[in-house]
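Student: Read the sequence shown against this note's numbering and you will find it ends at 306, with the numbers running on by one and no gaps.
For each residue, glycine too, the CB sits at the ideal point set by N, CA and C.
Owing to the predicted nature of the structure, the values given are computational and were not obtained by experimental measurement.
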Amino acid sequence: MSLRHFTDLSALSESDLRAILDDAAARKQRLKAGERSKPLAGKVLAMIFEKPSTRTRVSFDVGMRQLGGEAIMLTGTEMQLGRSETIADTAKVLSRYVDAIMIRTTEHQRLLELTEHATVPVINALTDDTHPCQIMADVLTFEEHRGPIAGKTFTWTGDGNNVLHSLMEASARLRFKVNVAVPEGSEPMQKYVDWTNANGGKVSLFRSAEEAVAGADCIVTDAWVSMGQEHRARGNNVFLPYQVNAELMAKAKPEALFMHCLPAHRGEEVTDEVIDGPQSVVFDEAENRLHAQKAVLAWCLGA
Ligand code: CP
Ligand code: NVA
4 MSLRHFTDLS ALSESDLRAI LDDAAARKQR LKAGERSKPL AGKVLAMIFE
54 KPSTRTRVSF DVGMRQLGGE AIMLTGTEMQ LGRSETIADT AKVLSRYVDA
104 IMIRTTEHQR LLELTEHATV PVINALTDDT HPCQIMADVL TFEEHRGPIA
154 GKTFTWTGDG NNVLHSLMEA SARLRFKVNV AVPEGSEPMQ KYVDWTNANG
204 GKVSLFRSAE EAVAGADCIV TDAWVSMGQE HRARGNNVFL PYQVNAELMA
254 KAKPEALFMH CLPAHRGEEV TDEVIDGPQS VVFDEAENRL HAQKAVLAWC
304 LGA
């Protein structure tokens with residue numbers, strides 16, 4: 004069997020995504036019922052972080068432990084990677100030691116190079132361009148609260164970033180709509196919009212957040228400046244019309260959910276009232292990182 008990498012949602016079929024999501028939901032249920040099976044006993048995951056993390060780091064580590072395996076935390080600056088050892092050599096060396104490699108990195112190309120040279124599965128834990136693990140958790144969360152995602156409308160407001168790119172890829176595979184409201188100059192990368200629209204998705208771009216949220220089943224936002232993207236910072240005034248506040252939430256469907264991958268910048272992209280309010284499911288999303296990633300690990304490692 005060829006290696007099962009979890010690089011981008013566009014690289015997976017609808018049935019792969021659905022199998023992982025179903026497995027995540029089942030594993031969550033079994034965990035809550037007290038099951039402690041160890042399908043990854045003896046397996047080791049190397050986790051490379053070239054950017055900070057709370058949720059991804061802890062949920063992958065705990066996920067490996069719950070599945071009976073172990074995780075090794077590696078920070079880019081403490082590895083020879085930080086002293087310019089190549090990604091290709093790093094991939095070949097780590098593949099001799101561990102059963103899977105997870106990486107959070109900067110340029111997407113670094114993930115692709117690692118994948119090309121590794122002889123074990125590689126998992127994308129965020130790049131400048133995408134964040135597929137987050138979106139698996141988000142779809143799981145939406146469906147737990149609202150049932151099947153197909154045919155629903157998500158509205159993204161703020162900066163057109165890595166999380167949005169993965170949301171759009173998921174929307175093509177799972178057939179939901181994505182409305183995107185961003186200020187000029189903060190649009191998502193065109194290649195992700197084009198791929199989504201060419202593969203069964205429907206991305207619509209708006210300047211007005213109010214117009215974009217009309218009819219939305221879920222409103223999603225994220226930091227106005229992503230990690231390592233400080234050079235793209237536009238100043239808060241440019242983004243303020245895209246803030247998710249009670250007034251904006253009121254323009255979506257009454258049952259609309261609010262999502263944010265976290266960490267949140269309270270008072271910037273979202274107000275306390277919304278993120279702590281009844282429509283917010285942000286801590287369910289954070290919890291579901293654990294369950295979704297366990298299913299991704301199991302899929303990659305054939306457990
Ligand atoms: N949402 C997310 O990926 O969080 P961390 O940066 O804390 O891992
Ligand atoms: N878009 C954010 C997500 C953080 C989890 C970033 O890349 O910094």
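Buried or exposed for PRO186, going by 16 or more other Cβ atoms inside 10 Å?
Tutor: For the purposes of this step, residue 186 is identified with residue 183 of the sequence shown, where counting begins at 1. Per the 10 Å Cβ criterion, buried.
Student: Mind checking which residues open and close the alpha helix (DSSP H) that includes ILE278?
Tutor: Here residue 278 is taken as the residue at index 275 of the sequence shown, counted from 1. 275 to 278 is the span of the alpha helix (DSSP H), which, as asked, contains ILE278.
Student: Which partner residues of VAL183 appear in the DSSP bridge assignment?
Tutor: Counting from one through the sequence shown, the residue named residue 183 turns up at place 180. Beta-bridge pairing links VAL183 to TRP159, LEU208.
Student: Any heavy atom of the ligand CP closer than 8 angstroms to the Cβ of PRO55?
Tutor: As a position in the sequence shown, residue 55 is number 52, starting the count at 1. Yes, the ligand CP has a heavy atom inside 8 angstroms of this Cβ.
Student: For the segment 189 to 209 against the segment 251 to 261, are there 3 or more C-beta pairs whose distance is under 8 angstroms?
Tutor: no
Student: Helix, strand or coil for LEU6? Go by DSSP, reduced to three states.
Tutor: Residue mapping note: residue 6 aligns to position 3 of the sequence shown, counting from 1. If DSSP states are grouped into helix, strand and coil, LEU6 belongs with coil.
Student: Terminal residues of the continuous beta strand (DSSP E) containing SER223?
Tutor: Position 220 of the sequence shown, counted from the first residue, corresponds to residue 223. The displayed chain sequence assigns Val, not Ser, to residue 223. 221 to 224 is the span of the beta strand (DSSP E), which, as asked, contains VAL223.
Student: Would you check whether the ligand CP has a heavy atom nearer than 8 angstroms to the C-beta of LEU265?
Tutor: Start at 1 with the first residue of the sequence shown, and residue 265 comes out as number 262. For LEU265, the shortest C-beta to heavy atom distance toward the ligand CP is below 8 angstroms.
Student: What residues are listed by DSSP as bridge partners for SER283?
Tutor: Residue 283 sits at position 280 when you count from the first residue of the sequence shown. Per DSSP, PHE261.
Student: Looking only at C-alpha atoms, which of GLY218, ALA153, LYS31, VAL196 sits nearest to LEU70?
Tutor: Looking up residue 70 in the sequence shown gives position 67. Answer by Cα proximity: LYS31.
Student: Taking the straight line between their C-alpha atoms, what separation do you get for LEU115 and THR10?
Tutor: In the sequence shown, counting from the first residue as 1, residue 115 sits at position 112. In the sequence shown, counting from the first residue as 1, residue 10 sits at position 7. Near 8 angstroms, if we compare the C-alpha coordinates of THR10 and LEU115.
Student: From PHE145 to ARG235, what distance separates their C-alpha atoms?
Tutor: The residue labelled residue 145 in the question sits at position 142 within the sequence shown. The residue labelled residue 235 in the question sits at position 232 within the sequence shown. Approximately 30 angstroms between the Cα atoms of the pair.
Student: Give me the residue from GLU110, LEU34, GLN137, SER98 with the minimum Cα distance to HIS120.
Tutor: Here residue 120 corresponds to residue number 117 of the sequence shown, with the count starting at 1. Answer by Cα proximity: SER98.
Student: Put ILE138 into one of helix, strand or coil per three-state DSSP.
Tutor: Reading the sequence shown from its first residue, position 135 is the one you call residue 138. DSSP places ILE138 in helix when its eight states are reduced to three.
Student: Throw me the rounded Cβ distance for the VAL101 and VAL65 pair, which I believe falls under 8 angstroms.
Tutor: Here residue 101 refers to the residue found at position 98 of the sequence shown. Here residue 65 refers to the residue found at position 62 of the sequence shown. Going by Cβ atoms, the distance from VAL101 to VAL65 rounds to 18 angstroms, so no, they are not a contact pair.
Student: For the beta strand (DSSP E) containing MET192, list its first residue and its last residue.
Tutor: For this step, residue 192 is matched to residue 189 along the sequence shown. Taken as a continuous stretch (DSSP letters only), MET192 belongs to no beta strand (DSSP E), as it is neither H nor E.
Student: With THR156 and ALA184 assumed to form a contact (beta carbons below 8 angstroms), what rounded beta-carbon distance in angstroms separates them?
Tutor: To locate residue 156, count along the sequence shown from 1; it is residue 153. To locate residue 184, count along the sequence shown from 1; it is residue 181. Between ALA184 and THR156 the Cβ distance is about 12 angstroms, and since that is not below 8 angstroms, they are no contact.
Student: Got a sec: does the ligand CP put a non-hydrogen atom nearer than 8 angstroms to the Cβ of ARG58?
Tutor: Numbered from its first residue, the sequence shown carries residue 58 at position 55. ARG58: yes, Cβ under 8 angstroms from the ligand CP.
Student: Is ASN127 helix, strand or coil by DSSP?
Tutor: Here residue 127 refers to the residue found at position 124 when the sequence shown is read from its first residue. In the structure shown, ASN127 sits in a strand (DSSP, three-state: E or B).
Student: Specify whether the segment 158 to 169 and the segment 40 to 56 touch according to this definition: at least 3 beta carbon pairs, one from each stretch, less than 8 angstroms apart.
Tutor: no
Student: Measuring straight from C-alpha to C-alpha, what distance separates VAL295 and ILE138?
Tutor: For this step, residue 295 is matched to residue 292 along the sequence shown. For this step, residue 138 is matched to residue 135 along the sequence shown. First, the amino acid is wrong: residue 295 is Ala here, not Val. For ALA295 and ILE138, the distance between alpha carbons rounds to 9 angstroms.
Student: Exposed or buried, what is GLU81 when buried is set at 16 or more other beta-carbons lying within 10 Å of its beta-carbon?
Tutor: Translated into the one-based positions of the sequence shown, residue 81 becomes position 78. Answer is exposed; the Cβ neighbour count stays below 16.
Student: Going by DSSP in three states, GLU73 sits in which element: helix, strand or coil?
Tutor: Reading the sequence shown from its first residue, position 70 is the one you call residue 73. The answer is strand: DSSP assigns GLU73 an E or B state.
Student: State the DSSP-derived secondary structure class of ARG21, mapped to helix, strand or coil.
Tutor: Start at 1 with the first residue of the sequence shown, and residue 21 comes out as number 18. For ARG21, the secondary structure class from DSSP, reduced to helix, strand or coil, is helix.
Student: Any C-beta of chain C sitting closer than 9 angstroms to the C-beta of THR224?
Tutor: No chain C appears in this structure, which consists of one protein chain only.
Student: Would you tell me roughly how many angstroms separate the C-alpha atoms of ARG107 and ARG210, rounded to the nearest one?
Tutor: One-based indexing of the sequence shown puts residue 107 at position 104. One-based indexing of the sequence shown puts residue 210 at position 207. Each residue's Cα considered, the two are about 31 angstroms apart.
Student: Who are the near neighbours of LEU1 in its chain, counting only those whose CB is closer than 7 angstroms to its CB and skipping five residues on each side?
Tutor: Any answer about residue 1 is impossible in this case: the structure gives the chain only from 4 up to 306.
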